[in-house]
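These notes concern the structure reproduced below.
Protein chains: 2
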Amino acid sequence: MKALIIAAGEGSRLKPFYSPKPLTPLLGLSLLEHVILRAKEAGITDFVIVVGHQAEKIIKKLGPGEKYGVKIDYVYNSDWKKGNGASVYAARDKIKEPFLLLMSDHLFDEKILQKLNSFYPNGQCYLCIDRNIQGQHINPEDATKVSLNHEPTIIDLGKNLSEYNAIDTGIFLCSPIIFSALKKSIARGDYTLTGGARLLAQQGKLKAIDITGHFWIDVDDVTALRKAKKMLLANLDKATDGPISRLINRKISRFITTWLCKWRLHPNTITILSFILAVAASALFFLGKKELILAGGILTQLASIIDGCDGEIARLQFKKTKFGELLDRTLDRYADAFIIIGLTHAVFLALGNEWVWVIGLIALLGSFMNSYTALHYDKIILLRQTKNQTSFRFGRDIRLFIIFLAALINQLSLALIILAVITNVESIRRLVILSHEYQSV
Amino acid sequence: MKALIIAAGEGSRLKPFYSPKPLTPLLGLSLLEHVILRAKEAGITDFVIVVGHQAEKIIKKLGPGEKYGVKIDYVYNSDWKKGNGASVYAARDKIKEPFLLLMSDHLFDEKILQKLNSFYPNGQCYLCIDRNIQGQHINPEDATKVSLNHEPTIIDLGKNLSEYNAIDTGIFLCSPIIFSALKKSIARGDYTLTGGARLLAQQGKLKAIDITGHFWIDVDDVTALRKAKKMLLANLDKATDGPISRLINRKISRFITTWLCKWRLHPNTITILSFILAVAASALFFLGKKELILAGGILTQLASIIDGCDGEIARLQFKKTKFGELLDRTLDRYADAFIIIGLTHAVFLALGNEWVWVIGLIALLGSFMNSYTALHYDKIILLRQTKNQTSFRFGRDIRLFIIFLAALINQLSLALIILAVITNVESIRRLVILSHEYQSV
Numbered sequence: 007m008k009a010l011i012i013a014a015g016e017g018s019r020l021k022p023f024y025s026p027k028p029l030t031p032l033l034g035l036s037l038l039e040h041v042i043l044r045a046k047e048a049g050i051t052d053f054v055i056v057v058g059h060q061a062e063k064i065i066k067k068l069g070p071g072e073k074y075g076v077k078i079d080y081v082y083n084s085d086w087k088k089g090n091g092a093s094v095y096a097a098r099d100k101i102k103e104p105f106l107l108l109m110s111d112h113l114f115d116e117k118i119l120q121k122l123n124s125f126y127p128n129g130q131c132y133l134c135i136d137r138n139i140q141g142q143h144i145n146p147e148d149a150t151k152v153s154l155n156h157e158p159t160i161i162d163l164g165k166n167l168s169e170y171n172a173i174d175t176g177i178f179l180c181s182p183i184i185f186s187a188l189k190k191s192i193a194r195g196d197y198t199l200t201g202g203a204r205l206l207a208q209q210g211k212l213k214a215i216d217i218t219g220h221f222w223i224d225v226d227d228v229t230a231l232r233k234a235k236k237m238l239l240a241n242l243d244k245a246t247d248g249p250i251s252r253l254i255n256r257k258i259s260r261f262i263t264t265w266l267c268k269w270r271l272h273p274n275t276i277t278i279l280s281f282i283l284a285v286a287a288s289a290l291f292f293l294g295k296k297e298l299i300l301a302g303g304i305l306t307q308l309a310s311i312i313d314g315c316d317g318e319i320a321r322l323q324f325k326k327t328k329f330g331e332l333l334d335r336t337l338d339r340y341a342d343a344f345i346i347i348g349l350t351h352a353v354f355l356a357l358g359n360e361w362v363w364v365i366g367l368i369a370l371l372g373s374f375m376n377s378y379t380a381l382h383y384d385k386i387i388l389l390r391q392t393k394n395q396t397s398f399r400f401g402r403d404i405r406l407f408i409i410f411l412a413a414l415i416n417q418l419s420l421a422l423i424i425l426a427v428i429t430n431v432e433s434i435r436r437l438v439i440l441s442h443e444y445q446s447v
Numbered sequence: 007m008k009a010l011i012i013a014a015g016e017g018s019r020l021k022p023f024y025s026p027k028p029l030t031p032l033l034g035l036s037l038l039e040h041v042i043l044r045a046k047e048a049g050i051t052d053f054v055i056v057v058g059h060q061a062e063k064i065i066k067k068l069g070p071g072e073k074y075g076v077k078i079d080y081v082y083n084s085d086w087k088k089g090n091g092a093s094v095y096a097a098r099d100k101i102k103e104p105f106l107l108l109m110s111d112h113l114f115d116e117k118i119l120q121k122l123n124s125f126y127p128n129g130q131c132y133l134c135i136d137r138n139i140q141g142q143h144i145n146p147e148d149a150t151k152v153s154l155n156h157e158p159t160i161i162d163l164g165k166n167l168s169e170y171n172a173i174d175t176g177i178f179l180c181s182p183i184i185f186s187a188l189k190k191s192i193a194r195g196d197y198t199l200t201g202g203a204r205l206l207a208q209q210g211k212l213k214a215i216d217i218t219g220h221f222w223i224d225v226d227d228v229t230a231l232r233k234a235k236k237m238l239l240a241n242l243d244k245a246t247d248g249p250i251s252r253l254i255n256r257k258i259s260r261f262i263t264t265w266l267c268k269w270r271l272h273p274n275t276i277t278i279l280s281f282i283l284a285v286a287a288s289a290l291f292f293l294g295k296k297e298l299i300l301a302g303g304i305l306t307q308l309a310s311i312i313d314g315c316d317g318e319i320a321r322l323q324f325k326k327t328k329f330g331e332l333l334d335r336t337l338d339r340y341a342d343a344f345i346i347i348g349l350t351h352a353v354f355l356a357l358g359n360e361w362v363w364v365i366g367l368i369a370l371l372g373s374f375m376n377s378y379t380a381l382h383y384d385k386i387i388l389l390r391q392t393k394n395q396t397s398f399r400f401g402r403d404i405r406l407f408i409i410f411l412a413a414l415i416n417q418l419s420l421a422l423i424i425l426a427v428i429t430n431v432e433s434i435r436r437l438v439i440l441s442h443e444y445q446s447v
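Below you can see the structure in the form of structure tokens.
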């Protein structure tokens with residue numbers, strides 16, 4: 007299915023800050039790129055973009071779509087000043103089958119588009135609506151209000167509707183019938199998309215799809231842009247995040263991610279950066295001097311925090327790759343090992359007992375076994391979360407935090423013993439849980 | 007689809023040794039159990055078994071099928087002495103739809119049954135035939151010969167056919183039309199299945215399915231039983247076996263497996279046995295005395311060999327489980343770690359240099375990284391093999407063999423250095439290969 011994106015307008019309220027509006031930067035991507043990449047996640051690779059205001063800038067930036075792995079066709083609407091209905095209407099010759107209609111300034115959870123897969127517009131149109139009309143993400147002055155009956159079919163819509171029970175999200179699933187409706191509406195002098203949609207509603211041909219609870223936002227001004235950024239960042243936590251990650255690391259890594267986004271760094275570069283920090287921490291530990299141990303502890307925790315940023319940027323900018331994930335996991339294991347080697351040497355220098363090395367080897371073993379069993383165990387954690395059961399995950403975030411705390415109080419031997427015991431106990435615990443899970447399959 | 011298994015005959019040539027024939031033991035399972043479990047692997051869970059000779063023994067042994075995770079219905083054929091056609095005919099009231107017809111004394115590769123999924127017998131029957139009429143697995147005196155045209159439709163079949171171009175494998179895919187054919191054939195005094203099949207062939211209703219190259223064997227006498235055992239054992243190698251595994255370990259583990267099968271040990275018990283051997287080896291190394299190191303080396307290699315047996319028995323007896331695989335992998339990692347800890351301590355006792363411990367930690371790291379990257383890398387090895395490309399896998403078999411050799415010549419320090427270098431080089435090599443593979447996806 008093709009997606010038609012309207013990117014012709016001026017965006018008067020953002021204009022003093024960013025122009026053209028579809029290229030407004032947000033966490034390393036423009037608004038329009040966010041829309042394209044989210045639609046691509048839902049399986050759409052064929053786009054028609056209607057441009058108008060500063061068309062050449064947009065076309066120059068996006069090109070034929072190759073760099074996003076999609077195909078982009080452009081339609082120029084010289085009437086863009088008249089209204090967004092005229093822009094949709096301008097694409098009528100490019101689209102002869104049902105299509106997805108998106109706004110370049112409306113961001114959304116890609117799961118909404120996946121939900122649309124079970125609908126097919128046959129001589130009618132669907133509009134995604136949000137029943138949470140008081141939502142934080144909605145600007146009540148500017149939103150297009152929707153009045154719908156229980157079917158749910160839309161009865162009327164508009165910015166000035168006095169009675170309404172939902173909000174227009176700007177996501178349409180259309181049959182080409184929308185073009186006939188727009189033609190009539192334009193002939194009557196109404197150049198807005200809402201005008202065409204209202205005509206369909208009057209004929210009972212505008213159905214509603216309820217997407218309440220999913221993330222979406224109309225980015226019309228600087229306040230909305232700030233809200234959008236906050237919502238995107240809030241969605242970055244991973245289901246398998248451990249407690250230190252959730253309570254401490256993510257809060258800091260999100261700030262760093264915002265900052266790294268501006269630099270347009272590739273996620274794999276950040277993976278390597280986190281690895282270098284860990285190697286530096288390991289070297290500082292290895293030397294075994296008190297002040298270096300403190301610095302090593304801080305670097306360890308910093309590496310742990312930055313380790314979250316690569317995934318955050320990959321998810322934000324749709325740059326997740328199989329190799330990126332493998333590189334991250336592999337370098338994390340090497341980083342863990344180097345830190346434990348440095349740690350063990352520091353404790354050996356302090357205590358001079360060869361058994362320290364055996365404990366170091368056991369700590370390395372346990373640390374690895376945690377990562378090794380995680381490949382199976384995380385599936386159970388995810389399953390529990392879909393059932394809304396709480397789960398505590400003992401993982402890398404906690405291991406590195408223990409080392410950080412021990413370095414702060416210059417008690418690395420304590421960290422070594424705790425790690426040697428706790429990681430192996432945890433691995434055996436996981437094996438027991440997995441044995442029960444797998445037997446019940 | 008139901009499977010009808012004929013298990014009513016006497017098996018005169020095996021009778022002096024094993025009786026009843028369907029319960030003849032072979033690598034820990036009876037012949038009949040092999041047939042049922044192989045059919046189950048191909049997705050069949052509904053069985054009708056025709057019994058006759060020593061019926062009660064067979065029914066007592068197999069029961070209603072619960073312990074195999076299938077449903078078994080029995081039909082008693084009082085005419086079993088007359089011929090196997092009478093036994094098939096006895097099941098006519100139990101089967102009203104197309105069904106699979108199997109002999110309790112014919113073993114086969116379950117892939118043959120998967121191949122049958124693309125055929126559907128509509129008013130006709132299919133017989134699986136083998137064009138390799140000179141095959142080692144075929145007893146030319148006893149085999150049912152088949153003459154077929156190029157369609158391929160079977161023209162005639164029988165034990166005494168003078169001109170033939172294929173052999174009957176005893177695997178039929180039948181429509182209930184076989185019962186009418188048997189009725190006619192029995193009325194003429196021919197009680198064999200071949201008699202009924204010949205009638206179908208005369209009407210052009212017996213089609214051939216070519217399964218040449220797949221494993222199958224008719225177990226009619228002690229020689230065939232020995233051949234069947236050899237063929238089953240030869241199929242146990244894993245595609246990801248390394249060179250030491252292929253050239254040395256598998257050759258020995260197959261013997262041990264044959265022997266362990268008689269004890270009816272569960273694969274997980276053998277996993278734990280191999281782990282205990284490795285822990286014992288580790289303890290012997292740890293003590294660091296010359297003669298103990300030699301014993302430790304031998305135990306290490308023995309643990310490596312026995313580590314193959316759990317999988318062999320699981321594959322032979324269809325006891326593969328997700329938990330079994332996880333237990334095997336996890337205990338292997340613990341065993342590897344313990345052996346390296348013991349090894350490192352022995353080298354430290356000999357050299358007295360603390361850097362030995364750092365090398366030990368690096369060897370443990372590399373050893374783990376091999377196992378960790380294997381989860382991705384093995385997919386590439388398997389892919390290469392389907393393309394008939396050779397591949398060399400540096401894995402646990404080689405690591406433990408290096409330790410074994412070093413222990414033989416009392417040079418554990420050499421093993422430690424080699425492992426520290428080679429395992430980490432291999433992990434990085436894999437990461438580079440995976441980066442290319444994943445980028446080309």
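Order-wise, the sequence lines are chains A and B.
Take 7 as the starting number for the first sequence in this note's numbering and just add one per residue.
Take 7 as the starting number for the second sequence in this note's numbering and just add one per residue.
In this text, a Cβ means the ideal position worked out from N, Cα and C, and glycines have one as well.
Item checked: Other residues of its chain near D227(A): CB distance less than 7 Å, five sequence neighbours each side excluded -> Here the set comprises R19, L20.
Next item on the list: To the nearest angstrom, report how far apart N416(A) and Q142(A) are at their CA atoms.
Entry: Spanning the two alpha carbons is a distance of roughly 47 Å.
Note to self: Using C-beta distances below 7 Å, list every residue in its chain close to I78(B), excluding the 5 sequence neighbours before and after it, in chain order.
What the structure shows: In the same chain as I78(B), and ignoring 5 residues on each side of it, the C-beta atoms closer than 7 Å to its own belong to F53, I55, L68, P70, G71, in chain order.
Notebook entry, point to check: Apart from the five residues on each side of it in sequence, which residues of its chain come closer than 8 Å, Cβ to Cβ, to G330(A)?
Noted result: Hits under 8 Å: P273, N274, T277, D316, A320.
Item checked: Contact set between G366(A) and chain B, taken where Cβ atoms lie within less than 8 Å -> Neighbours of G366(A) on chain B, chain order: W363, L367.
Checklist line | Local conformation of V447(B) per DSSP, three classes | finding: Reliability fails at V447(B), whose pLDDT of 47 lies under 50, so the model's placement of it is uncertain and the value that follows must be treated cautiously. DSSP, reduced to helix, strand and coil, places V447(B) outside both helices and strands of the structure shown, so it counts as coil.
Item checked: Nearest-angstrom Cα separation, counted from V76(B) out to G201(B) -> So the alpha carbons of these two residues sit roughly 31 Å apart.
Notebook entry, point to check: How many angstroms separate the CA atom of I386(B) from the CA atom of I215(B)?
Noted result: Distance between the alpha carbons of I386(B) and I215(B): 33 Å.
Next item on the list: Report buried or exposed for Y126(B), applying the criterion of at least 16 other Cβ atoms within 10 angstroms of its Cβ.
Entry: With fewer than 16 Cβ atoms within 10 Å of its Cβ, Y126(B) is classed as exposed.
Checklist line | Touching by the beta-carbon criterion (3+ pairs, under 8 Å), the segment 36-52 of chain B and the segment 247-254 of chain B | finding: Using a Cβ-Cβ distance cut-off of 8 Å, the segment 36-52 of chain B and the segment 247-254 of chain B are not in contact, since fewer than three pairs of beta carbons, one from each stretch, lie closer than that value.
Next item on the list: Look up Q60(B) in the DSSP assignment and give the residues it is bridged to.
Entry: Beta-bridge partners of Q60(B) (DSSP): G58(B).
Next item on the list: Could you name the residues of the same chain whose beta carbon sits closer than 8 Å to that of A309(A), not counting the 5 residues immediately before and after it, in chain order?
Entry: If we look at A309(A) and ignore the five residues flanking it on each side, its Cβ neighbours are S280, F281, L283, A284, A287, A341, L406.
Next item on the list: Name, in chain order, the residues that DSSP records as bridge partners for W222(B).
Entry: According to DSSP, which records beta bridges pairwise, W222(B) is partnered with F114(B).
Next item on the list: Please state if the CB of L231(B) and the CB of I177(B) are separated by a distance shorter than 8 Å.
Entry: No, Cβ-Cβ distance for I177(B) and L231(B) is not below 8 Å.
Checklist line | Y132(B) - containing alpha helix (DSSP H), residue span | finding: Premise fails: Y132(B) lies in the beta strand (DSSP E), 131-136, not in any alpha helix (DSSP H).
Notebook entry, point to check: By how many angstroms is the C-alpha of M375(B) removed from the C-alpha of T336(A)?
Noted result: Between the C-alpha atoms of T336(A) and M375(B) there is a straight-line separation of about 8 Å.
Item checked: contact_flag[the segment 232-244 of chain A, the segment 149-164 of chain A] where n(CB pairs < 8 Å) is 3 or more -> At 8 Å Cβ cutoff, the stretches do not touch.
Check: Does E47(A) have its Cβ less than 8 Å from a Cβ in chain B?
Finding: Contacts with chain B at 8 Å (Cβ-Cβ) do not include E47(A).
Next item on the list: Kindly list the residues whose CB is nearer than 6 Å to the CB of L113(A), restricted to its own chain and excluding five residues on each side of it in sequence; keep chain order.
Entry: Taken in chain order, the residues that qualify are H40, I223, A234.
Next item on the list: Identify, in the order they occur along the chain, each residue of the same chain with its Cβ nearer than 6 Å to the Cβ of D243(A), setting aside the five sequence neighbours on each side.
Entry: Taking D243(A) as the centre and dropping the five residues before and after it, the same chain places the C-beta of R256 closer than 6 Å to its C-beta, in chain order.
Notebook entry, point to check: Does S186(B) have its Cβ less than 8 Å from a Cβ in chain A?
Noted result: Chain A contact via Cβ: absent.
Item checked: Buried versus exposed call for K295(B) [16 or more other C-beta atoms within 10 Å across all chains shown] -> By the 10 Å Cβ count, K295(B) comes out exposed.
Next item on the list: Alpha carbon to alpha carbon, how far is L163(B) from L212(B)? Give it in angstroms, no decimals.
Entry: Using only the alpha carbons, I get a separation of about 10 Å.
Next item on the list: Look up F400(B) in the DSSP assignment and say whether it is helix, strand or coil.
Entry: Three-state result, F400(B): coil.
Item checked: Beta-carbon proximity list for I258(A), same chain, < 6 Å, skipping 5 on both sides -> Here the set comprises I311.
Next item on the list: Ignore the nearest five residues each way along the sequence and tell me which others in Y383(A)'s own chain have a CB closer than 6 Å to its CB.
Entry: So the list reads R436, once near-sequence residues are dropped.
Check: Can you tell me where the beta strand (DSSP E) with S153(B) in it begins and where it stops?
Finding: Where S153(B) is concerned, the enclosing beta strand (DSSP E) stretches over 151-154.
Item checked: Limits of the unbroken beta strand (DSSP E) element including L293(B) -> Run containing L293(B): none in the beta strand (DSSP E); it sits in the alpha helix (DSSP H), 273-293.
Next item on the list: Just the chain A side, please: which residues come within less than 8 Å of H382(B) by C-beta, in chain order?
Entry: Those within 8 Å of H382(B) in chain A are L332.
Margin query: Can you give me the C-alpha to C-alpha distance between Q307(B) and N430(A), rounded to a whole angstrom?
Written below: Approximately 26 Å between the Cα atoms of the pair.
Check: In terms of residue numbering, what span does the beta strand (DSSP E) encompassing A14(A) cover?
Finding: In the DSSP assignment, A14(A) falls outside any beta strand (DSSP E), carrying neither H nor E.
Item checked: Residue environment, S84(A), which counts as buried when at least 16 other CB atoms sit within 10 Å -> By the 10 Å Cβ count, S84(A) comes out exposed.
Note to self: Would I449(B) and A193(B) qualify as a contact pair, given that the criterion is a beta-carbon distance under 8 Å?
What the structure shows: The question about residue 449(B) has no answer, for chain B in this structure spans 7 to 447.
Next item on the list: Can you tell me which of E116(B), Q130(B), L389(B), D115(B) puts its alpha carbon nearest to the alpha carbon of F105(B)?
Entry: For the set E116(B), Q130(B), L389(B), D115(B), the Cα lying nearest the Cα of F105(B) is the one of Q130(B).
Note to self: Which residues in chain B have a C-beta closer than 8 Å to the C-beta of T246(A)? List them in chain order.
What the structure shows: Chain B residues near T246(A): none, gap ~17 Å exceeds 8 Å.
Notebook entry, point to check: Looking at the unbroken alpha helix (DSSP H) that takes in A309(B), where does it start and where does it end?
Noted result: According to the DSSP assignment, A309(B) belongs to the alpha helix (DSSP H) that extends over 296-322.
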